[in-house]
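Protein chains in written order, with my numbering: chain Z, 861 to 1230; chain C, 861 to 1230.
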């Protein structure tokens, strides 16, 4: 299966092999070595000196962890949303009793850092800003550096929680240099590892918030994670196999280095956008903010998305994802993060070139001839 | 490594092979087939017609799920504790605001069903009873059938939450016949699968409690799990590889059948207890309530547990676990659930026979000669 989803992503052979290792005990010296090595590798790619923890959960679990470890019921929280995952951040915070104001930007566009700064200027009572780095549902990357700078200009000490689930490990996200407090990602994204672990960093400001925070937490308690990591352990039985896999994947990623990783994703994303446009298809996002991990493409008029989805799987062994929420049926999304090459993307474009006309789409002449 | 821990447990080759399968998408028809098959298999071994869900988390995550989906802050809850995991159930419930009364039984003994019934008789305000089926920390199995019957005699409609994390898939636990409302287990126990999934059943009474419950929940929301399972999905990206593995393991377990599984664990546990006693060592638990998944053994006088723990790993490639909490250093625990044979247990006993005298333990004459 050519899995061109924005997560889970395909895994290299050595990572899959590691998944098949026999169990070891999670409170043994052998596991302590692995968790220390994994944590060190993650810190390099998070570009942080702060704490990083691996939680046995999905990215959504990490969003909950970010929220319940730093906020209290009634806290005023500004959530910056540009799609499904920004909205989800707001829902999680509301679920646990935060007093949430959502600042929305049109789906397919990026957040305006100045608008965020203005919102903070208008109301000094905000305790935290929650923002998505890379919005997987629309294929848009927020300029988190500019947003963080705008936020800090107005409120130097406000808590900044960043959903970097589909960006970290693929896109540049300088956790310390940009002064991001709690930042989360998921193993099934650019890390080239199966789903099952979420990785979260916590700044000293994040820990101060933790001490004040009164939202209830147990499974996702980051203070417990900190206490146990000091012993080379996790508080609860972790997804050991995913640690094996992440350990192997990080060896590759750390060797490549963050600059190499970022350049690779840029190159492959450029190839994807060029390919999509060559088929006469329209991108959802403005190219200035288009994501380098996932490309959202408008479903052309007259083409039925559910039919295309099934046709691609049944006859072309290729999976791409549809839109979510209000974009369901209106866009499809090609994932190109992690273990995916330019040839893989060329093959996906070739597949679309072959499949779309079967559902009534008329290719531009140049594409039909190629 | 001879992993003789009460979880994680070793995995058969075909299960490990399944762990190494390439990723598929969790909202694809291919995953829907797997989750339907896994859910069907689990229902057979839970002996339930009710709903069963797989959460991407450890057993502790499932304890949180049981709590936050059925209770409200202020609810009076009776927690029956016979060890670390009973205490943890109480802590989870308190963390989310329940008004918890704990009824404790001496560690190493089982709960007295009549004492539980009496506690319910004395206070009609309890909304729920939380109880551990198999207490991994002490190697004791509660007679959950008798406890459930005693509870129902006094309070036919009270909510009964059961931590069956280390029992289901190994010991008899008739969820429907015993009228248990919400029951949880973990993949890394008798299921012979790596850690990463927790499996939870919910009765109609459990769903009524869900509708009334006001504890906050998002990641562990079982109502969302129900809505998505109807589509062959999970609400959030699941630990897909563990589903692959559980699918394979369940084929073996369902073919063996629950009677076969229970008899196998009984036979191997008997062998373990006989072996331990043949070395002159003392069991922590009374044999009438000794667990068939884990045997707790008193560390003999004069033997230093941390030294024994390291010696067994470094020179005998064998891992057994120590005691937890107040039992740390006082007991060790031999796991014998899941993929473990009588020969494996014989080998463990032989290892102890060789290792213990090196740390000053004097074997009984018969054992020294054998």
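For each residue, glycine too, the CB sits at the ideal point set by N, CA and C.
query: Quick one: what's got a C-beta closer than 8 Å to residue 1125(C)'s C-beta in the same chain, skipping five residues either side?; result: 1030, 1031, 1050, 1152, 1153, 1196 and 1197
query: Can a CB atom of chain C be found closer than 7 Å to the CB of residue 921(Z)?; result: yes
query: With a cut-off of 7 Å, does the C-beta of residue 924(Z) fall near any C-beta of chain C?; result: yes
query: Closer than 8 Å is the cut-off here; do at least three beta carbon pairs connect the stretch 1079-1093 of chain C with the stretch 935-946 of chain C?; result: no
query: CB-CB under 7 Å to residue 947(C), same chain, minus the five flanking residues each way: which ones, in chain order?; result: 941
query: Return the residue from the list 906(Z), 867(Z) and 898(Z) that minimises the CA-CA distance to residue 1107(Z).; result: 898(Z)
query: What residues from chain C crowd round residue 917(Z), counting only those whose CB sits closer than 7 Å?; result: 916, 917 and 1079
query: I'd like to know whether the C-beta atoms of residue 1213(C) and residue 1110(C) end up nearer to each other than 7 Å.; result: no
query: So with CB distances below 8 Å, who are the chain Z contacts of residue 952(C)?; result: 1078
query: Taking its Cβ as the centre, do 16 or more other Cβ atoms sit within 10 Å of residue 1201(C), making it buried, or is it exposed?; result: exposed
query: Determine the DSSP secondary structure at residue 913(C), reduced to helix, strand or coil.; result: strand
query: Are the beta-carbon atoms belonging to residue 1057(Z) and residue 986(Z) less than 7 Å from one another?; result: no
query: Does the stretch 1221-1228 of chain Z touch the stretch 878-887 of chain Z, meaning 3 or more C-beta pairs lie closer than 8 Å?; result: no
query: For residue 971(Z), name the three-state secondary structure that DSSP assigns.; result: coil
query: Does the contact criterion of 3 or more C-beta pairs under 8 Å hold for the stretch 986-1000 of chain C versus the stretch 1142-1149 of chain C?; result: yes
query: For residue 1216(Z), decide whether its Cβ has a neighbour in chain C, counting only Cβ atoms nearer than 7 Å.; result: no
query: Can you name, in chain order, every residue of its own chain whose Cβ lies under 8 Å from the Cβ of residue 1092(C), other than the five neighbours on each side?; result: 889, 891, 892, 893, 895 and 896
query: What does the alpha-carbon distance come out to for the pair residue 915(C) and residue 993(Z)?; result: 26 Å
query: Please name the residue or residues paired with residue 1053(Z) in a DSSP beta bridge.; result: Answer is none; residue 1053(Z) lacks a bridge partner.
query: Are there 16 or more other CB atoms within 10 angstroms of the CB of residue 1074(Z), so buried, or fewer, so exposed?; result: exposed
query: By alpha-carbon positions, which one of 1037(C), 1052(C) and 1065(C) ends up nearest to residue 882(Z)?; result: 1052(C)
query: Distance check for residue 1182(C) and residue 1130(C), CA to CA, integer angstroms please.; result: 20 Å
query: Of all the options 867(C), 907(C) and 1207(C), which has the alpha carbon lying nearest to the alpha carbon of residue 1043(C)?; result: 907(C)
query: Taking only beta-carbon positions, decide if residue 990(Z) is within less than 7 Å of chain C.; result: no
query: Which residue marks the beginning of the alpha helix (DSSP H) containing residue 990(C), and which one marks its end?; result: Taken as a continuous stretch (DSSP letters only), residue 990(C) belongs to no alpha helix (DSSP H), being part of the beta strand (DSSP E) at 988-992.
query: Find the residues of chain Z that neighbour residue 1179(C), judging by a C-beta separation of less than 7 Å, and give them in chain order.; result: 885 and 888
query: Let me confirm a value: residue 1134(C) is counted as buried when at least 16 other C-beta atoms fall within 10 Å, else exposed. Which label applies?; result: exposed
query: Are the CB atoms of residue 1205(C) and residue 1192(C) nearer to each other than 7 Å?; result: no
query: Just verifying my parser: in three-state terms, what is the DSSP assignment at residue 1046(Z)?; result: strand
query: Kindly indicate which three-state DSSP category residue 1205(Z) falls into: helix, strand or coil?; result: helix
query: At 9 Å on the CB atoms, spell out the chain B contacts of residue 1100(C), in chain order.; result: The question asks about chain B, but that chain is absent: this structure's protein chains are Z and C.
query: Along the chain, where does the beta strand (DSSP E) that runs through residue 931(C) open and close?; result: Run containing residue 931(C): none; DSSP gives neither H nor E here.
query: Taking residue 903(C) as part of the alpha helix (DSSP H), name the residues at either end of that continuous run.; result: 889-906
query: Please report how far the alpha carbon of residue 1127(Z) lies from the alpha carbon of residue 1121(Z), in whole angstroms.; result: 10 Å
query: I'd like the span of the alpha helix (DSSP H) that includes residue 879(C), first residue to last.; result: 873-879
query: My assumption, with CB atoms under 8 Å, is that residue 951(C) sits in contact with residue 1055(Z). Please give the rounded CB distance.; result: Actually they do not touch by this definition, with Cβ atoms about 28 Å apart.
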